[in-house]
Amino acid sequence: MLQLHSIMRARAGIWQSLVVGMVLASGCWPATAWAAERSHPQSSLYPLYKLYGSEYDVDWAVLAAIDRYAELTKTKTAKQEAPYYGFSFYPAAWAGIANPNADDMFAPEIQLFGGLGQDANGDMLALPFDPADRIKALAHWLDMESGEDEEIAIWNLFQDPVAMDRIDGFARLFRTFGLSPTGSCFPIDKRYNYTVKHTFGAGRSYGGRRIHEGVDIFASYGTPVLACSYGYVELMGWNRFGGWRIGIRDANNMYYYYAHLSSFQKGLHQGDLVRPGQVIGYVGSSGYGPPGTSGKFPPHLHFGIYKDTGLHEWAFSPSGYLSQWERQKQHVTRETVLERKS
Ligand SMILES: [Zn+2]
Numbered sequence: 001m002l003q004l005h006s007i008m009r010a011r012a013g014i015w016q017s018l019v020v021g022m023v024l025a026s027g028c029w030p031a032t033a034w035a036a037e038r039s040h041p042q043s044s045l046y047p048l049y050k051l052y053g054s055e056y057d058v059d060w061a062v063l064a065a066i067d068r069y070a071e072l073t074k075t076k077t078a079k080q081e082a083p084y085y086g087f088s089f090y091p092a093a094w095a096g097i098a099n100p101n102a103d104d105m106f107a108p109e110i111q112l113f114g115g116l117g118q119d120a121n122g123d124m125l126a127l128p129f130d131p132a133d134r135i136k137a138l139a140h141w142l143d144m145e146s147g148e149d150e151e152i153a154i155w156n157l158f159q160d161p162v163a164m165d166r167i168d169g170f171a172r173l174f175r176t177f178g179l180s181p182t183g184s185c186f187p188i189d190k191r192y193n194y195t196v197k198h199t200f201g202a203g204r205s206y207g208g209r210r211i212h213e214g215v216d217i218f219a220s221y222g223t224p225v226l227a228c229s230y231g232y233v234e235l236m237g238w239n240r241f242g243g244w245r246i247g248i249r250d251a252n253n254m255y256y257y258y259a260h261l262s263s264f265q266k267g268l269h270q271g272d273l274v275r276p277g278q279v280i281g282y283v284g285s286s287g288y289g290p291p292g293t294s295g296k297f298p299p300h301l302h303f304g305i306y307k308d309t310g311l312h313e314w315a316f317s318p319s320g321y322l323s324q325w326e327r328q329k330q331h332v333t334r335e336t337v338l339e340r341k342s
């Protein structure tokens with residue numbers, strides 16, 4: 001079995017110049033492929049996930065989720081070393097560990113040395129930057145490694161419990177909503193009165209030296225709180241700062257945090273998928289004490305957005321998004337999402 005260091009890529013130099021050189025030489029990829037793609041950069045890969053997913057009996061949504069997670073958590077260096085979308089194998093794993101030519105892209109030779117590189121279109125080349133070769137290789141590897149358990153194979157790719165959770169969540173979102181669902185929503189039902197206080201970064205009194213990682217939207221008790229995006233409920237429950245709070249993550253690894261609720265929407269559970277405009281709870285003043293504490297401050301929704309790159313997660317000011325969403329028409333719904341399982 002291949003060890004992690006040989007699977008994950010982390011070096012290049014010569015690799016990068018090779019890739020750039022070959023792209024220039026072939027002249028057709030990736031410029032045309034990506035330029036033609038106007039929506040999410042991953043949407044054009046959908047037919048490849050479906051094709052190689054079915055060829056190797058691997059869930060297409062899992063392939064797409066691995067690619068999405070790898071892309072969203074790539075370091076700058078990794079991006080320079082593998083300047084193409086999604087997951088990439090370490091060159092030695094692609095070429096075969098015993099292969100004297102670590103950057104080998106000649107498919108028959110790669111096969112001889114047991115490399116993971118695959119030739120999808122019969123041109124005798126296994127090009128790690130060709131989406132078809134790359135996705136075929138990933139599907140083939142998952143099929144080989146999975147045995148009875150796909151999760152173990154995915155674990156071997158990232159060896160990180162957070163990655164496992166995110167890939168599972170992304171795959172569930174992709175199955176139900178597709179790779180690139182569009183739509184967003186202001187987090188408060190606009191038919192009710194509310195006032196947005198843009199106080200991101202301000203100091204606050206409770207809980208020691210913490211800055212205010214969000215915006216407060218003041219509204220009456222019971223005002224419906226809405227999901228802003230497509231996502232899954234990653235967290236739901238009590239926290240002594242946030243009171244009754246919900247955290248929703250989308251497939252771009254953005255985390256939306258809603259705090260101080262008076263109650264959650266009936267029937268909504270941790271793990272559930274949500275869509276923009278779906279009622280998830282109601283404005284309250286819970287928090288700043290043990291479970292059930294309420295009324296220590298005027299009712300409001302504390303709303304924060306966090307971005308996660310794998311190594312770091314940080315809050316950024318949601319004000320820009322909020323102003324944009326506030327101008328959009330709302331489709332408020334209490335209907336829960338019917339999740340597609342395949
Ligand atoms: Zn707040």
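Residue numbers (full-length UniProt numbering): 1 to 342. Note that beta-carbon positions come from the ideal geometry of N, C-alpha and C, so glycine has one too.
**Message:** For ligand 1, I want to know if Asp-216 counts as a neighbour, meaning its beta carbon is within less than 7 Å of at least one of the ligand's heavy atoms.
**Reply:** Asp-216: yes, Cβ under 7 Å from ligand 1.
**Item:** Contact check, Ala-107 vs Phe-87, beta carbons under 8 Å
**Value:** no
**Item:** Reduced DSSP category for Met-254 - H, G, I as helix; E, B as strand; rest coil
**Value:** strand
**Item:** Three-way DSSP call (helix, strand, coil) for Gln-16 in this model
**Value:** With a pLDDT of 36 at Gln-16, under the threshold of 50, the modelled position of this residue cannot be trusted; read the value that follows with caution. The answer is helix: DSSP assigns Gln-16 an H, G or I state.
**Message:** Assuming contact is defined by CB atoms lying nearer than 8 Å, are Tyr-232 and Arg-172 in contact in what I supplied?
**Reply:** yes
**Euclidean distance between Cα positions of Val-283 and Met-236** = Their Cα atoms are separated by approximately 15 Å.
**Prompt:** Taking the continuous beta strand (DSSP E) assigned at Phe-174, which residues delimit it?
**Reply:** No beta strand (DSSP E) contains Phe-174, which is instead part of the alpha helix (DSSP H) from 161–177.
**Endpoints, the beta strand (DSSP E) within which Thr-195 is located** = Thr-195 -> beta strand (DSSP E) spans 194–197.
**Message:** Tell me which residues share the same chain as Asn-239 and place their Cβ nearer than 8 Å to its Cβ, disregarding the 5 neighbours each side in the sequence.
**Reply:** Arg-245, Ala-259, Gly-287
**Request:** Could you check the C-alpha separation between Ser-262 and His-300 for me, to the nearest Å?
**Result:** 10 Å
**Item:** Proximity winner among Gly-147, Gly-214, Asp-168, relative to Gly-201 (alpha-carbon distances)
**Value:** Residue Gly-214 is the option with its Cα nearest to Gly-201.
**Short Cβ contact (8 Å threshold) for Thr-309 with Gly-267** = no
**Prompt:** Alpha carbon to alpha carbon, what distance is there between Leu-322 and Ile-217?
**Reply:** 10 Å
**Request:** Identify, in the order they occur along the chain, each residue of the same chain with its Cβ nearer than 8 Å to the Cβ of Leu-63, setting aside the five sequence neighbours on each side.
**Result:** Tyr-49, Tyr-52, Gly-53, Ile-135, Leu-138, Ala-139, Leu-142
**Request:** Using 7 Å as the cut-off, classify the Cβ of His-269 as near or not near the heavy atoms of ligand 1, replying yes or no.
**Result:** no
**Request:** Reducing DSSP to helix, strand and coil, say where Pro-224 ends up.
**Result:** strand
**Asked** Can you tell me whether Pro-298 is buried or exposed, with buried defined as 16 or more other CB within 10 angstroms of its CB?
**Response** exposed
**Item:** His-331, DSSP secondary structure in three states
**Value:** coil
**Asked** What does DSSP give as the partner residues of Gln-278 in its beta bridges?
**Response** Thr-333
**Request:** Going by DSSP, name the residue or residues bridged to Leu-273.
**Result:** Tyr-232
**Prompt:** Is Ser-146 helix, strand or coil when you go by DSSP?
**Reply:** helix
**Request:** Have a look at the DSSP bridge pairing and note the partners of Asn-239.
**Result:** Gly-243
**Asked** Cα separation between Ile-152 and Ile-97?
**Response** Between Ile-152 and Ile-97, the C-alpha separation is close to 22 Å.
**Asked** Is the CB-CB distance between Leu-226 and Ile-280 below 8 Å?
**Response** Judged by beta-carbon spacing, Ile-280 lies within the 8 Å limit of Leu-226, meaning their Cβ atoms are closer than that value.
**Message:** Please state the DSSP three-state secondary structure of Phe-158.
**Reply:** helix
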